[in-house]
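Student:
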Amino acid sequence: MELVLTSANAVFTNWMEPVLWLLIPWAVFRGAMVVVISAQLVQLNMLAKTPVGFRLGKKLPALRQLPAVKQRL
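So, in structure tokens, the structure goes:
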């Protein structure tokens, strides 16, 4: 029984290690992208609070979804 568990553990470890080496950098990259995109949305929302940014926000459909533009429309 111990031999079966040991071989199953070895197969699982051999299979999982390359997956983890690929998964961990991907997760770090995705996390960094979420932070970057969030920061850009905050900056866009701050820009939309200015008169020029608000006029630009009214003209571009994607920017109309920003809270600062929605609030003033």
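When the sequence shown is numbered by the working numbering, its final residue is 139 and no position is left out of the sequence of numbers. Glycine included, each C-beta is placed from N, C-alpha and C at the ideal position.
1. Taking all protein chains shown into account, decide if L132 is buried (16 or more other Cβ within 10 angstroms of its Cβ) or exposed.
2. Quick test of your reading: G119 and L126, contact by CB under 8 Å. State the CB separation rounded to the nearest angstrom.
3. Who are the near neighbours of K115 in its chain, counting only those whose CB is closer than 7 Å to its CB and skipping five residues on each side?
4. Within 8 Å of any Cβ in chain D, is that where the Cβ of L122 sits?
5. What number of angstroms, rounded off, separates the C-alpha of K136 from the C-alpha of A105?
Tutor: In short, the structure shows the following:
1. buried
2. About 10 Å; that fails the 8 Å criterion.
3. Hits under 7 Å: A134.
4. Although the question refers to chain D, the structure presented lacks it and comprises just one protein chain.
5. About 19 Å.
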